[in-house]
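> My questions will all concern the structure given below.
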Amino acid sequence: MRALVHAKASTWSWRGHPLWLVGFRPFFLLACVAGATLPLLWVAIYAGVLPPPPGLSALQWHAHEMFYGFGFAVLGGFLLTASKNWVKARGHFGRTLQVLVALWLLERVSVWWLGAGPHAFVFPVALAVAVTWTLVRGRAQDSYRDNGLFILALSAFVVARGLLLSREHFEAGRELSLALFRLAFVVMLERTIPPFMRGAFQIDVRRVFALDTAVKVLAVALVPAVWLPSPLRVAIEVAFVAVFAARMLLWRPLRALTRVEVGVMYGGALCLALQVALRALGGAWVGSAPLHIFSFGTMGLIIPAMLTRIAQGHTGRPIQFGVGEHVALGLMALAGLARVVGPQVAPSQYQAWLVVAALGWAACLGITLVRIAPMLWSARVDGREH
Numbered sequence: 026m027r028a029l030v031h032a033k034a035s036t037w038s039w040r041g042h043p044l045w046l047v048g049f050r051p052f053f054l055l056a057c058v059a060g061a062t063l064p065l066l067w068v069a070i071y072a073g074v075l076p077p078p079p080g081l082s083a084l085q086w087h088a089h090e091m092f093y094g095f096g097f098a099v100l101g102g103f104l105l106t107a108s109k110n111w112v113k114a115r116g117h118f119g120r121t122l123q124v125l126v127a128l129w130l131l132e133r134v135s136v137w138w139l140g141a142g143p144h145a146f147v148f149p150v151a152l153a154v155a156v157t158w159t160l161v162r163g164r165a166q167d168s169y170r171d172n173g174l175f176i177l178a179l180s181a182f183v184v185a186r187g188l189l190l191s192r193e194h195f196e197a198g199r200e201l202s203l204a205l206f207r208l209a210f211v212v213m214l215e216r217t218i219p220p221f222m223r224g225a226f227q228i229d230v231r232r233v234f235a236l237d238t239a240v241k242v243l244a245v246a247l248v249p250a251v252w253l254p255s256p257l258r259v260a261i262e263v264a265f266v267a268v269f270a271a272r273m274l275l276w277r278p279l280r281a282l283t284r285v286e287v288g289v290m291y292g293g294a295l296c297l298a299l300q301v302a303l304r305a306l307g308g309a310w311v312g313s314a315p316l317h318i319f320s321f322g323t324m325g326l327i328i329p330a331m332l333t334r335i336a337q338g339h340t341g342r343p344i345q346f347g348v349g350e351h352v353a354l355g356l357m358a359l360a361g362l363a364r365v366v367g368p369q370v371a372p373s374q375y376q377a378w379l380v381v382a383a384l385g386w387a388a389c390l391g392i393t394l395v396r397i398a399p400m401l402w403s404a405r406v407d408g409r410e411h
């Protein structure tokens, strides 16, 4: 932990392997590997081929690994990299990055063999310390005054993980984890879509400060939704969907949909709003449909696209989505339909829908891994260090 606090990420050079130059390189590789394997392990556990880890139900392990194995690898890589632009200071690299990766790997192994326990909290605490240290240290140069939301979210994730790993509080932990990831995506979409539209179409989307503020305030208000009185929760959810949809309509969605690399962000945003809307409507859904609209439609579509875009852009390459990227995203979309729509249409085939969805998700991340691994493993093509 001392290495995390005292790591100096300013202008120091790293003479080791390019993998350790910046956070997105190792963590995006890990995210792809996790995304390509964890769903297959989940299907094997669900079918009884493999036992769940000791002390955890099959569903607990699945939720924990998809949120805190796959999801946290993505979030960690993104936050450790984005600080370069946010606070004008280099993010953690070299030995500190190696420590963080080792902690992530140790967590995967320890949770599988030992189940819940203190070992499941070392990596999230270490990541929170590393990111918070960077943001606090560079606060004077911070170009985003709402970065405090990430600091609060990283702390809240530790609580959410503890609840999720508790049999008595699993549902609350799962809902809190989803709400925190949703908040992260709300902030990320606000920061990425306008420049993506500018770069792809030379369009400056209309920004309304009141809408931007309302979206974030309501997203924060929904974080503890699982404990709110139902009428209050529904009112906040309806308000969030209204202001979020209003903002997305201002951001030229029809134009965005003409380019896959931009349109996928809008598709993910639509699924984010749908998840909240279905939660507000209530009703009996087979297989936690609202949750999986978010996991497949928002996380599943946006994450592979962002992994590709960041891997290309941050290694000095132009942003280009070829056949491989189109196939990968198409497979994820089909997997989402199988996971969300399939069980509603033919609930008796639930296990078959699960297998189809898992295969689609795994194939998408597997293709993404093959496409971006050579970029992450090698030096930038433009001669810059990081």
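Throughout the sequence shown, residue numbering follows the numbering used here, covering 26 to 411 in sequence.
For each residue, glycine too, the CB sits at the ideal point set by N, CA and C.
1) Can you tell me whether Q227 is helix, strand or coil according to DSSP?
2) Go ahead and pull the three-state DSSP assignment for R199.
3) Please report how far the alpha carbon of G119 lies from the alpha carbon of L46, in whole angstroms.
4) Do you know how far the Cα of V161 is from the Cα of V311?
5) Just how far apart, CA to CA, sit V285 and H317?
6) Quick check: G75 and A83, are their CB atoms within less than 7 angstroms of each other?
7) Would you kindly report the start and end of the unbroken alpha helix (DSSP H) that includes P51?
8) For I351, does the count of other Cβ atoms within 10 angstroms reach 16, so buried, or fall short, so exposed?
9) DSSP state of K241, grouped into three classes?
10) Please go through the same chain and pick out, in chain order, the residues whose beta-carbon is closer than 6 angstroms to the beta-carbon of V301, but skip the five residues on each side of it.
11) Quick check on L430: does DSSP put it in helix, strand or coil?
12) Only counting the same chain, and skipping five residues up and downstream in sequence, which positions put a Cβ closer than 7 angstroms to that of I344?
13) Alpha carbon to alpha carbon, how far is H31 from H42?
14) What alpha helix (DSSP H) runs, 4 residues minimum, are completely inside the segment 299–340?
15) Does the segment 167–178 come within contact of the segment 134–142, defined as at least 3 CB pairs closer than 8 angstroms?
16) Rounded to the nearest angstrom, what separates P149 and L390 at their Cα positions?
17) Would the segment 271–282 count as touching the segment 184–198 if we require 3 or more Cβ pairs under 8 angstroms?
18) When DSSP labels each residue in this structure, what does I344 get in the three-state scheme?
19) How about G349 and I392: do their beta carbons lie closer than 7 angstroms?
20) Mind checking A235: buried by the 16 CB within 10 Å criterion, or exposed?
21) Can the beta-carbon of R277 be found less than 7 angstroms from the beta-carbon of V230?
22) Please list, in chain order, all residues of the same chain as E132 whose beta carbon is under 7 angstroms from its beta carbon, the five residues on each side excluded.
23) Using the beta-carbon count (16 or more within 10 Å), is R223 buried or exposed?
24) Starting from the C-beta of T36, find all residues in its chain whose C-beta is less than 6 angstroms away, skip the five residues before and the five after it, and write them out in chain order.
25) Which class does Y169 belong to by DSSP, given the choice of helix, strand or coil?
26) Do you know offhand how far P399's Cα is from E193's?
By the coordinates alone:
1) Coil, per DSSP.
2) In the three-state scheme derived from DSSP, where H, G and I count as helix and E and B as strand, R199 is classed as helix.
3) In a straight line, the C-alpha of G119 is about 6 angstroms away from that of L46.
4) Looking at the two C-alpha atoms, the distance is approximately 44 angstroms.
5) So the two alpha carbons sit approximately 22 angstroms from each other.
6) At residue 75 the sequence reads Leu, which differs from the Gly that was named. No. Outside cutoff.
7) From DSSP, the alpha helix (DSSP H) with P51 extends over F49 to Y71.
8) One point to set straight first is that residue 351 is His, not Ile, in the sequence displayed. With fewer than 16 neighbouring CB atoms inside 10 Å of its own CB, H351 falls in the exposed class.
9) Looking at K241 - three-state DSSP - the assignment turns out to be helix.
10) Excluding sequence neighbours, V301 sits near E262, F265 and V266.
11) Given a span of 26 to 411 for the chain in the structure shown, any question on residue 430 remains unanswerable.
12) Apart from the 5 residues on each side of it in sequence, I344 sits with its Cβ closer than 7 angstroms to the Cβ of E286, R334, Q337 and G338 in its chain, given in chain order.
13) Only weak support exists for where H31 lies, its pLDDT of 40 falling under 50; the value from the coordinates is given anyway. Roughly 22 angstroms between the two C-alpha positions.
14) As far as the segment 299–340 is concerned, its whole alpha helix (DSSP H) runs of at least 4 residues are 314–317 and 325–338.
15) They do not touch, by the three-pair rule.
16) Per the coordinates, the alpha-carbon of P149 lies some 23 angstroms from the alpha-carbon of L390.
17) Contact fails: fewer than three Cβ-Cβ distances are below 8 angstroms.
18) The DSSP-derived three-state label of I344 is coil.
19) With respect to the 7 angstroms criterion, G349 and I392 are classified as neighbours on the basis of their beta carbons.
20) Under this definition A235 is an exposed residue.
21) Yes, Cβ-Cβ distance for R277 and V230 is below 7 angstroms.
22) Around E132: H144, A145, V147 and F148.
23) Within a 10 Å sphere around the beta-carbon of R223 sit fewer than 16 other beta-carbons, which makes this residue exposed.
24) Reliability of the predicted coordinates at T36 is poor, the pLDDT of 44 falling under 50, and the value obtained from them is presented with this limitation in mind. Correct list: empty, nothing qualifies.
25) Here DSSP, grouped into helix, strand and coil, assigns Y169 to coil.
26) Rounded to whole angstroms, the separation of the alpha carbons of E193 and P399 is 44 angstroms.
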